[in-house]
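Here UniProt numbering is used: position 177 in the sequence shown is 177, and no number is missing along the way. Working notes, structure below.
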Amino acid sequence: MTSTRAPLGGSVTIGDIEVGRLGYGAMRLCGAGIWDAPADPDAALAVLRAAVAHGVTFVDTADSYGPDVSERQIREALHPYEGLLVATKGGLVRTGPDQWHPVGRPEYLRQCVEMSLRRLGVDRIDLWQLHRIDPQVPVEESLGVVREMQDEGKIRHVGLSQVTVAELTRARRVVDIVSVQNLYNLGDRRSEDVVDHCTREGIAFIPWYPVAAGDLARPGGVLDVLVKETGHTAAQLALAWLLRRSPVIAPIPGTSSLAHLAENVAAASIDLDDEVFAALSAAAAR
């Protein structure tokens with residue numbers, strides 16, 4: 001599935017793979033608590049196919065979504081992934097709805113990769129990300145086995161999720177890191193220093209939960225006012241702000257709704273003027 005249109009939001013290079021900057025995060029296509037299958041499996045497959053039809057070329061998932069559910073959905077809907085970068089993550093175990101626990105033991109991470117290869121139906125994962133650093137396991141041990149699997153040809157590129165600049169720097173001594181996936185949006189900018197570091201280093205920054213805006217979206221708040229002035233939705237302005245914030249940012253908004261998917265995709269064509277960008281940036285920094 002290839003698109004002849006311009007890449008959504010421009011393009012970003014993840015390792016040596018160029019994709020549109022506005023991707024799709026598949027977490028919300030599972031059941032409540034990101035546990036088990038969704039109530040309407042066919043609708044979930046339709047959203048995945050519609051994302052690609054809209055021009056999305058970067059789809060992000062994880063073995064813990066379901067668990068296992070999301071990767072199987074992606075294979076059923078999108079395999080053989082022509083023109084697509086399908087990224088996945090490993091390193092969390094699930095003990096029930098909304099329960100997530102990091103496990104960074106090398107033997108477990110090897111199992112994560114081997115099972116993701118099987119579920120996605122590929123011989124190599126183009127972008128595999130450590131979902132969380134396990135505080136009980138030195139990151140050198142966790143990433144050492146990931147580097148081994150990269151050398152074996154099972155992983156093309158390696159990324160991290162929810163890390164500090166110091167953790168990223170330490171990890172890069174073990175293996176080349178091409179992406180970082182942290183919580184970051186208009187209303188939560190605690191990873192500001194990580195964004196700046198990735199921008200300087202040319203590392204793709206993949207913000208999760210990208211459309212959240214917190215108090216900025218309250219009635220009469222800055223975002224609420226700008227929605228009325230510009231005619232764009234709050235989600236669209238939040239995504240457009242991210243796309244302008246740094247050229248290495250690649251948001252992955254997720255949804256199980258075809259209407260919301262179309263709304264999010266439309267954000268890629270919004271060119272925020274200096275005044276609107278400055279107003280959102282200043283409000284978010286307070």
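The beta-carbon is built from N, C-alpha and C at its ideal position, and this holds for glycine as well.
- Message: I'd like to check one pair, Ala250 with Val12: are the Cβ atoms closer than 7 Å?
- Response: yes
- Which class does Lys228 belong to by DSSP, given the choice of helix, strand or coil? helix
- Message: Suppose you measure from the CA of Trp35 to the CA of Glu275; what does that come to, to the nearest Å?
- Response: 42 Å
- Query: For the region 161-210, which segments carrying the beta strand (DSSP E) assignment without a break, of at least 3 residues, lie completely within its bounds, in sequence order?
  - Reply: 177-181
- Message: Am I right that residue 293 and Ser64 are in contact with their C-beta atoms under 8 Å? What's the rounded C-beta distance?
- Response: Residue 293 lies beyond the range of the chain shown here (1 to 286); nothing can be said about it.
- Query: So the beta strand (DSSP E) Gly20 belongs to, where does it begin and stop?
  - Reply: Its beta strand (DSSP E) spans residues 17-20.
- Item | Alpha carbon of Glu167 to alpha carbon of Asp196, nearest angstrom | Glu167 and Asp196: Cα-Cα distance of roughly 15 Å.
- Task: Would you check if the distance between the CB atom of Thr88 and the CB atom of Thr61 is smaller than 7 Å?
- Result: yes
- Task: Could I get the ranges of all uninterrupted beta strand (DSSP E) runs contained in the region 52-116, with 3 residues as the minimum, in chain order?
- Result: For the region 52-116, the full-length beta strand (DSSP E) segments reaching 3 residues or more read 58-60, 85-90 along the chain.
- Task: Would you mind sorting Pro38 into buried or exposed? The rule is 16 or more other CB atoms within 10 Å of its CB.
- Result: buried
- Reducing DSSP to helix, strand and coil, say where Val12 ends up. In the three-state scheme derived from DSSP, where H, G and I count as helix and E and B as strand, Val12 is classed as strand.
- Nearest to Leu29 by alpha carbon, out of Leu22, Val19, Val47, Gly15? Val47
- What residues in its chain sit with their C-beta under 7 Å from that of Gly10, if we drop five residues either side in the sequence? Counting only Cβ-Cβ distances below 7 Å, and skipping sequence neighbours, we find Arg21.
- Output the distance between the C-alpha atoms of Ala26 and Ala51, rounded to the nearest integer angstrom. 10 Å
- Query: I think Val180 touches Leu143, with their Cβ atoms under 8 Å apart; what is that distance to the nearest whole Å?
  - Reply: Incorrect: roughly 14 Å between the Cβ atoms, too far for contact.
- Message: Quick check on this structure: which residue in Arg189, Cys198, Pro97 has the alpha carbon closest to the alpha carbon of Leu280?
- Response: Arg189
- Message: Under 8 Å, with one C-beta from each stretch per pair, do the region 199-219 and the region 233-251 reach the 3-pair mark?
- Response: Contact between the region 199-219 and the region 233-251 is present: three or more C-beta pairs spanning the two stretches fall below 8 Å.
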